[in-house]
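Novice: Handing you this structure, nothing more for now.
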Ligand SMILES: Nc1ncnc2c1ncn2[C@@H]1O[C@H](COP(=O)(O)OP(=O)(O)OP(=O)(O)O)[C@@H](O)[C@H]1O
Ligand SMILES: [Mg+2]
């Protein structure tokens, strides 16, 4: 049976002059999901969001909301909540009036407006700011008010453009989990744009990865992370080092794949000092530490292995490794890719050892 | 603790020097002439002063000046806003030329403006003929004065609103439309408050200027005492009769009016800048 989507884009294209910002965009989103639109700067995320909102007109293709084509419905009639990157709170209206704006437009009865505005203020935990003007709020508070204003008219769909971009790192971390919780509580289908993969992976139910105006992959954070399907996703997600020929590594010599190049992520590299216990010791190879960097909860190492520079990690409590030291390195998995696709390839040692156990 | 008492250093140097220069220039070109006005007026006793500035003819001239200046400035506020809007929001051929033309009233000698406006609006002029058919006379009436003042005041409004309107973030409109607002609602609720301080500033500057305008008005006004005689003209005629004390007395009243207008403006401006800067 075909899935029932709440929001859908079907073959949408959009050009600005001769520049094509969206190429054949095709996706569907189920009701109640929180979707992350992830991609590098200029990849067309905002364009997709603005077309959904009706702030930008698509050149071709269809946009469906709740099964209806909305191409020709103006932004003001789509009933979508939108949180702008810089919030766009109305400077000359108080916080309360900002939140009530959408309700007044829809001619809600006075008492209901008051009740709803107060409810929203309570939801975002900023009741005491009702009488203030937006410029009397902190960045994080503004973000919450923008959220409250967008949600007040009870939209069925909420769009957020880089909702955390304008606040500093610590507040961003807080707001992330706050937003996740709020959206779950309200139960509104939401799409948020970000170019921060940690943010997308942490917050979203599902991630749409965009690159150069195209959608590269759609999937749960876990899928995107563990099974990148295109070379771009393999490179973009995680902290990755690229190698030109992965078959030079022990354990990958006979890999069944046409691909040559591969991505190696730190989480699939084990590093041991000489003499330290290493599970797959026979398949480890020797590398030279070129750089060590303290990363708070772990140590990041740059290791030269057969001419490739790989990034690996060791725990803070592990015996310290020094620059120039020869260490043993075991690579358990790589993401090999050719022009079109990415493939997960595991170290042959993992399979043989397993079969030995059996 | 001695150190706490040390004067706080300013971040930007040169405060003392620049303040000195400012005060010097201000007193040379503004305050000293104004003081001389007061000193001249002081030749009259308070009773004489009061009598001069409230004589029937003078009162009538206030009324003419005030009503025409106010009407003209209100017209300018609306027209200027529309012109600024068109210049900022739309692209059309000849936009640059139109933009440049706004300044003509500043550049043109006011007498030239007055003569050409009069020429156009007398009964034989083409505008005069047109309105004559409907029984409306422009030249030598208060309508004529208002027309001249509209011409003089328009750049004040356009030039104060235009740059502010240019900076209004288009996202405000997008945000309003995402909340379901129609264009006109968005304009009055969101855009207008943004540009209102500049509109008020333009309006008050035009108003203050119109109150004092002389050159362009004398030709078109006809200068009938009690009917179309503006206060600046009255001052002028007192001067021609070498009645300096009367002239300066009336001028002092005008000065007070101008100060009041600019003061009201300043109060309104600081209120809105408080909202925008977030300081309470
Ligand atoms: N109004 C416009 N006119 C011309 N080009 C535009 C316009 N809007 C976007 N573009 C172009 O379209 C491309 C995609 O822009 P978009 O804003 O969607 O990127 P993004 O993924 O949101 O990037 P970022 O993370 O930097 O916000 C960019 O190359 C941009 O230059
Ligand atoms: Mg963007």
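Residue numbers (our numbering), protein chains in the order written: chain H, 772 to 1129; chain E, 6 to 285.
Even for Gly, the Cβ is constructed at its ideal location relative to N, Cα and C.
Quick caveat: nothing in here was measured; it's all calculated off a predicted structure.
Which residue comes first and which comes last in the beta strand (DSSP E) that contains residue 781 of chain H?
Specialist: 778-787
Novice: Below 7 Å CB to CB, which residues in the same chain sit around residue 886 of chain H once its five sequence neighbours on both sides are set aside?
Specialist: Within the same chain, residue 886 of chain H has no close Cβ partners at all.
Novice: Under 7 Å between C-beta atoms, does residue 855 of chain H make it to chain E?
Specialist: yes
Novice: From residue 825 of chain H to residue 815 of chain H, what distance separates their C-alpha atoms?
Specialist: Straight-line measurement puts the Cα of residue 815 of chain H at about 15 Å from the Cα of residue 825 of chain H.
Novice: Helix, strand or coil for residue 1001 of chain H, going by three-state DSSP, please let me know.
Specialist: coil
Novice: Candidates H:984, H:945, H:931 and H:982: which alpha carbon is nearest residue 961 of chain H's?
Specialist: H:931
Novice: Taking only runs of the beta strand (DSSP E) that begin and end inside the region 953-1036 of chain H, which ones reach a length of at least 3 residues, in chain order?
Specialist: 960-965, 977-982, 985-990, 1012-1014 and 1032-1035
Novice: CB-CB under 7 Å to residue 163 of chain E, same chain, minus the five flanking residues each way: which ones, in chain order?
Specialist: Contacts found: 85, 88, 89 and 107.
Novice: Restricting to Cα atoms, I'd like to know which of E:161, E:24 and E:59 is closest to residue 111 of chain E.
Specialist: E:161
Novice: Strictly under 7 Å for the Cβ-Cβ distance: is residue 1046 of chain H near chain A by that measure?
Specialist: As a matter of chain content, chain A is missing from the structure shown, whose protein chains are H and E.
Novice: Alpha carbon to alpha carbon, what distance is there between residue 1041 of chain H and residue 1127 of chain H?
Specialist: The pLDDT assigned to residue 1127 of chain H is 45, lower than 50, so where the model puts this residue is not dependable; a value taken from the coordinates is nonetheless given after this. In a straight line, the C-alpha of residue 1127 of chain H is about 21 Å away from that of residue 1041 of chain H.
Novice: Look up residue 186 of chain E in the DSSP assignment and say whether it is helix, strand or coil.
Specialist: coil
Novice: Compare the C-beta of residue 145 of chain E with all C-beta atoms of chain H and state if any pair is closer than 7 Å.
Specialist: no
Novice: Measure the alpha-carbon distance for residue 270 of chain E versus residue 264 of chain E and round it to whole angstroms.
Specialist: 10 Å
Novice: Looking at C-alpha atoms only, which residue of H:786, H:779, H:793 and H:785 is the closest neighbour of residue 982 of chain H?
Specialist: With distances taken between Cα atoms, residue 982 of chain H lies closest to H:793.
Novice: Identify whether residue 1045 of chain H lies in helix, strand or coil by the three-state DSSP scheme.
Specialist: coil
Novice: List in chain order the residues whose CB is within less than 5 Å of at least one heavy atom of ligand 1.
Specialist: H:787, H:792, H:812, H:813, H:814, H:815, H:816, H:817, H:818 and H:966
Novice: Which one of H:1106, H:1058 and H:973 has the shortest CA to CA distance from residue 1097 of chain H?
Specialist: Nearest neighbour of residue 1097 of chain H by Cα position, chosen from H:1106, H:1058 and H:973, turns out to be H:1058.
Novice: Are the Cβ atoms of residue 205 of chain E and residue 273 of chain E separated by less than 7 Å?
Specialist: yes
Novice: Output yes if chain E places a C-beta closer than 7 Å to the C-beta of residue 847 of chain H; else output no.
Specialist: yes
Novice: Quick one, which of E:165, E:38, E:251 and E:268 has its alpha-carbon nearest residue 51 of chain E's?
Specialist: E:251
Novice: So residue 872 of chain H contacts chain E; which residues on that side make the cut at Cβ distance below 8 Å?
Specialist: Simply 181, 184, 186 and 194.
Novice: Quick one: Cα of residue 114 of chain E to Cα of residue 901 of chain H, how far?
Specialist: 53 Å
Novice: At the level of alpha carbons, what is the spacing between residue 1122 of chain H and residue 809 of chain H?
Specialist: Rounded to whole angstroms, residue 1122 of chain H to residue 809 of chain H spans 34 Å at the Cα level.
Novice: Kindly indicate which three-state DSSP category residue 1132 of chain H falls into: helix, strand or coil?
Specialist: For residue 1132 of chain H there is no data in the structure shown, the boundaries of chain H being 772 and 1129.
Novice: Straight-line CA distance for residue 786 of chain H to residue 987 of chain H?
Specialist: 19 Å
Novice: Output yes if chain H places a C-beta closer than 7 Å to the C-beta of residue 117 of chain E; else output no.
Specialist: no
Novice: Span of the alpha helix (DSSP H) holding residue 889 of chain H?
Specialist: 881-894
Novice: Can you name, in chain order, every residue of its own chain whose Cβ lies under 8 Å from the Cβ of residue 67 of chain E, other than the five neighbours on each side?
Specialist: 236 and 258
Novice: Name the DSSP beta bridge partners of residue 1079 of chain H, please?
Specialist: H:1076
Novice: Anything in chain H within Cβ reach of residue 198 of chain E, meaning under 7 Å, just list it in chain order.
Specialist: 863
Novice: How would you label residue 7 of chain E, buried or exposed, when you count the other beta carbons within 10 angstroms and need 16 or more for buried?
Specialist: The pLDDT assigned to residue 7 of chain E is 47, lower than 50, so where the model puts this residue is not dependable; a value taken from the coordinates is nonetheless given after this. Burial is judged here by how many other beta carbons sit within 10 angstroms of a residue's own beta carbon; residue 7 of chain E has fewer than 16 and is exposed.
Novice: Any beta carbon from chain E within less than 7 Å of residue 877 of chain H's own beta carbon?
Specialist: yes
Novice: For residue 70 of chain E, name the three-state secondary structure that DSSP assigns.
Specialist: DSSP, read as helix, strand or coil, puts residue 70 of chain E in helix.
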